[in-house]
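K.L.:
If you count the sequence shown from 1, you need to add 191 to reach the working numbering.
One structure follows; several queries about it will come next.
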Amino acid sequence: MFLLLESVRSALNSIRAHRMRSFLTSLGIIIGVASVITVISLIQGLSKSVTKQFEGLGGNSLTITAHNTMKDAMRGKFNELRFEDIEQLRTHVDEIADVSPLFLLSSPTVRFGSTETTARIMATTPTYQEVQQRFASVGRFLSDSDESSARRVAVIGPKLIESLHLPDNPIGQYISFSNEWFKIIGVMEKRGELFGMSQDDYVIVPFRTGRSLMGNNQRLRNMQFTVSLKDISKLEEVKPRIKAVMRKSHKLDADAPDDFDMESSDQLSKSLDSITATVTLVMGGIVGIALLVGGIGIMNIMLVSVTERTREIGICKAIGARSRDIMMQFLIEAVTLSVLGGLIGLILGYGLGFGISKMIPDFPDAVVPWWAVVLSFVFSAGVGIVFGVMPASKAAKLDPIDALRYE
């Protein structure tokens, strides 16, 4: 322990005696760690933001969409969900609490007075807010009477208040689209932006109202169902039954592939985590090349240091220092340079990540996970060991007599 502490003290004294050279030696490590931490913090911050959006889908939901491949789309063939699928699911799968259908209307232009804007116009049922866990912050959501009577009422996203220059409380105002007038009865909770795109520029109308606006078109390519289960623990058990009902409803042959996809909110979250992990690994690996460059710089400077301190090494060996003591001293000096560079790089990287996230409009705050901090120190120390072994070994192998005669 004494030898270790003495080696650390000697290493720090050597670094302090050559401050500028030590800083320039560690610069490669500083830049490498700072770059890695900056990239990871931005990706992780974005990942956490997107994950929160998936949490809004509800923990007991299952989304069913039509399955369409690029090859089929190029041939003009599209699979579609049908209105009758909803009743089939409600009737034959007891574990389903409710089904919330949703489809987009083809007319995206919304008007209020002389002002107009584009927005997503969605038709759904009153079960939407419970299934999706999204609620009205002002006014109310669609009711069963709105649905059964196919009323011309609408719930809007908060972004439309700004886009259409509506009053702060727009309840009772009228907007128009698809050559129809709709009375605003509610404003949904604000969700913000994702990837620079607003999630609050939409209009929700009753399902039957949207269906009447579509005329006799009984099949819609963009329709999807969100199914909520009474007991989420039975998800894997219920999936095959839902699949069987959907296949029967679509009259698919036994050997025919499914023309629909099923995804739970948990699956979406796991898919996102997988994508994020891959992007983090690739970007971190690319930027981590700077750490290798920094390691080579440390090895070069340490080799120069061995040459400069040849006489000192000879004196140490003459008074009893063993080869392993000399090797430990130089190895600890290389590791100390790397770890100090890693610490500075960590602080600089967090600052850069935080600053960049604030400079980009509506970008989520940077997040530095604990494993990134540990990884930066471990990698920095590893670089110091790997690239410090050769200079330390060279110093340890010097002959004391030749070292003392060195000028």
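Each residue gets a CB set at the ideal place from its N, CA and C atoms; glycine is no exception.
Cα separation between L494 and S584?
P.N.:
Taking the first residue of the sequence shown as 1, we reach residue 494 at position 303. Taking the first residue of the sequence shown as 1, we reach residue 584 at position 393. Cα to Cα, L494 sits roughly 10 Å from S584.
K.L.:
For the alpha helix (DSSP H) containing D431, list its first residue and its last residue.
P.N.:
Start at 1 with the first residue of the sequence shown, and residue 431 comes out as number 240. First, the amino acid is wrong: residue 431 is Pro here, not Asp. Unbroken alpha helix (DSSP H) run through P431: 426-440.
K.L.:
What residue range does the alpha helix (DSSP H) around D337 cover?
P.N.:
The sequence position of residue 337 within the sequence shown is 146, counting from 1. Element bounds for D337: 335-340.
K.L.:
Could you tell me the boundaries of the beta strand (DSSP E) in which L420 lies?
P.N.:
Counting from 1 along the sequence shown, the entry for residue 420 is found at position 229. Element bounds for L420: 415-420.
K.L.:
Could I get the ranges of all uninterrupted alpha helix (DSSP H) runs contained in the segment 297-365, with 4 residues as the minimum, in chain order?
P.N.:
The segment 297-365 contains these whole alpha helix (DSSP H) runs: 319-323, 335-340, 350-354.
K.L.:
Report, in whole angstroms, the separation of the C-beta atoms of W372 and R331, which I expect to be a contact under 8 Å.
P.N.:
Here the question's residue 372 lines up with position 181 in the sequence shown. Here the question's residue 331 lines up with position 140 in the sequence shown. Wrong, their Cβ atoms sit about 19 Å apart, outside the cutoff.
K.L.:
At what residues does the alpha helix (DSSP H) containing I510 begin and finish?
P.N.:
Walking along the sequence shown from the start, residue 510 turns up at place 319. Careful: I510 lies outside any alpha helix (DSSP H) and carries neither H nor E.
K.L.:
Would you call the CB atoms of V526 and G575 closer than 8 Å?
P.N.:
Here the question's residue 526 lines up with position 335 in the sequence shown. Here the question's residue 575 lines up with position 384 in the sequence shown. Yes. Within cutoff.
K.L.:
What's the C-alpha gap between S465 and V284?
P.N.:
One-based indexing of the sequence shown puts residue 465 at position 274. One-based indexing of the sequence shown puts residue 284 at position 93. Cα to Cα, S465 sits roughly 31 Å from V284.
K.L.:
Determine the direct distance from the alpha carbon of G540 to that of V227, and round the result to whole angstroms.
P.N.:
In the sequence shown, the residue the question calls residue 227 occupies position 36. In the sequence shown, the residue the question calls residue 540 occupies position 349. One C-alpha to the other measures close to 7 Å.
K.L.:
What three-state label does DSSP hand T467 in the structure shown?
P.N.:
For the purposes of this step, residue 467 is taken as the residue at position 276 of the sequence shown. In the structure shown, T467 sits in a helix (DSSP, three-state: H, G or I).
K.L.:
In this structure, what does DSSP give as the bridge partners for V564?
P.N.:
Reading the sequence shown from its first residue, position 373 is the one you call residue 564. Its beta-bridge partners do not exist; DSSP assigns none.
K.L.:
Starting from the C-beta of F326, find all residues in its chain whose C-beta is less than 8 Å away, skip the five residues before and the five after it, and write them out in chain order.
P.N.:
For the purposes of this step, residue 326 is taken as residue 135 along the sequence shown, with counting starting at 1. Around F326: Q320, F332, M379, E380.
K.L.:
Does L280 pass the burial test, meaning 16 or more other C-beta atoms within 10 Å, or should it be called exposed?
P.N.:
Residue 280 sits at position 89 when you count from the first residue of the sequence shown. When all chains shown are included, L280 counts as buried.
K.L.:
Report yes or no: do the segment 351-359 and the segment 300-318 share at least 3 C-beta pairs separated by less than 8 Å?
P.N.:
Cβ pair count under 8 Å is three or more, so yes.
K.L.:
Taking DSSP as the reference, what is the three-state secondary structure of L494?
P.N.:
Here the question's residue 494 lines up with position 303 in the sequence shown. Helix.
K.L.:
Whose C-beta lies closer than 7 Å to the C-beta of L528 among residues of the same chain, with five residues either side of it excluded?
P.N.:
Along the sequence shown, one-based indexing puts residue 528 at 337. Same-chain partners within the cutoff: I206, S213, T216, S217, I489, G575.
K.L.:
Are the C-beta of M490 and some C-beta of chain C separated by less than 8 Å?
P.N.:
Reference to chain C is not applicable here, since this structure consists of a single protein chain.
K.L.:
Let me check understanding here. Comparing Cα to Cα, which of S440, N491, L420, G536 lies closest to T254?
P.N.:
Taking the sequence shown and counting its residues from 1, the one referred to as residue 254 is at position 63. Among S440, N491, L420, G536, the Cα nearest to that of T254 is on L420.
K.L.:
Which same chain residues, not among the five before or five after T306, have their C-beta less than 6 Å away from its C-beta?
P.N.:
Locating residue 306 in the sequence shown gives position 115, where the first residue counts as 1. Cβ neighbours of T306 beyond the five flanking positions: L355, H356.
K.L.:
Count the other C-beta atoms from every protein chain shown that fall within 10 angstroms of the C-beta of R502, then say buried if there are 16 or more, exposed otherwise.
P.N.:
One-based indexing of the sequence shown puts residue 502 at position 311. Classification for R502: exposed.
K.L.:
For E380, which three-state DSSP category applies?
P.N.:
Position 189 of the sequence shown holds residue 380. In the structure shown, E380 sits in coil (DSSP, three-state: anything other than H, G, I, E or B).
K.L.:
Can you tell me where the beta strand (DSSP E) with I287 in it begins and where it stops?
P.N.:
Within the sequence shown, residue 287 is the residue found at index 96, counting from 1. Unbroken beta strand (DSSP E) run through I287: 287-295.
K.L.:
Cβ of S252 within 8 Å of Cβ of S455?
P.N.:
Residue mapping note: residue 252 aligns to position 61 of the sequence shown, counting from 1. Residue mapping note: residue 455 aligns to position 264 of the sequence shown, counting from 1. Contact: yes.
K.L.:
So for K268, helix, strand or coil by DSSP?
P.N.:
Residue numbering aside, residue 268 sits at position 77 when the sequence shown is read from its first letter. The answer is coil: DSSP assigns K268 none of H, G, I, E or B.
K.L.:
On the CB-based measure, 16 or more other CB atoms within 10 Å of its CB, does V429 come out buried or exposed?
P.N.:
The sequence position of residue 429 within the sequence shown is 238, counting from 1. That one is buried.
K.L.:
Can you tell which of A202, G219, K239, D335 has its C-alpha closest to the C-alpha of A557?
P.N.:
Sequence index remark: in the sequence shown, residue 557 carries index 366 (1-based). Comparing Cα-Cα distances from A557 to each of A202, G219, K239, D335, the minimum goes to K239.
K.L.:
Have a look at E427 and M261 and give me their C-alpha separation to the nearest angstrom.
P.N.:
Position 236 of the sequence shown, counted from the start, is the residue given in the question as residue 427. Position 70 of the sequence shown, counted from the start, is the residue given in the question as residue 261. Those two C-alpha atoms are separated by around 29 Å.
K.L.:
Among Q520, A563, F578, whose alpha-carbon lies nearest the alpha-carbon of S201?
P.N.:
Mapped onto the sequence shown, residue 201 falls at position 10. Nearest C-alpha to S201: Q520.
K.L.:
Could you pull out every residue in the same chain whose Cβ sits closer than 6 Å to the Cβ of V497, ignoring the five residues on either side in sequence?
P.N.:
Your numbering for residue 497 matches position 306 in the sequence shown. These residues qualify, in order along the chain: P582, K585, A586.
K.L.:
If you reduce the DSSP assignment to three classes, tell me which class I228 lands in.
P.N.:
Translated into the one-based positions of the sequence shown, residue 228 becomes position 37. Here I228 sits in helix by DSSP.
K.L.:
What's the gap between the Cα of E278 and the Cα of P560?
P.N.:
To locate residue 278, count along the sequence shown from 1; it is residue 87. To locate residue 560, count along the sequence shown from 1; it is residue 369. Their backbone Cα atoms lie some 46 Å apart in a straight line.
K.L.:
Using a Cβ-Cβ cut-off of 7 Å (strictly less than) and excluding sequence neighbours within five positions of M211, which residues of its own chain qualify?
P.N.:
By one-based count along the sequence shown, residue 211 stands at place 20. Answer for M211: no residue qualifies.
K.L.:
Is the beta carbon of T282 less than 8 Å from the beta carbon of I547?
P.N.:
Counted from its first residue, the sequence shown places residue 282 at position 91. Counted from its first residue, the sequence shown places residue 547 at position 356. No. Outside cutoff.
K.L.:
Hey, V530 and F578: beta-carbon distance below 8 Å or not?
P.N.:
Counting from 1 along the sequence shown, the entry for residue 530 is found at position 339. Counting from 1 along the sequence shown, the entry for residue 578 is found at position 387. No, the pair does not count as a contact, with Cβ atoms beyond the cut-off.
K.L.:
Whose CA, out of G236, R273, M265, Q324, lies closest to the CA of Q415?
P.N.:
Along the sequence shown, read from residue 1 onward, the residue named residue 415 stands at position 224. Considering only alpha carbons, the answer is R273.
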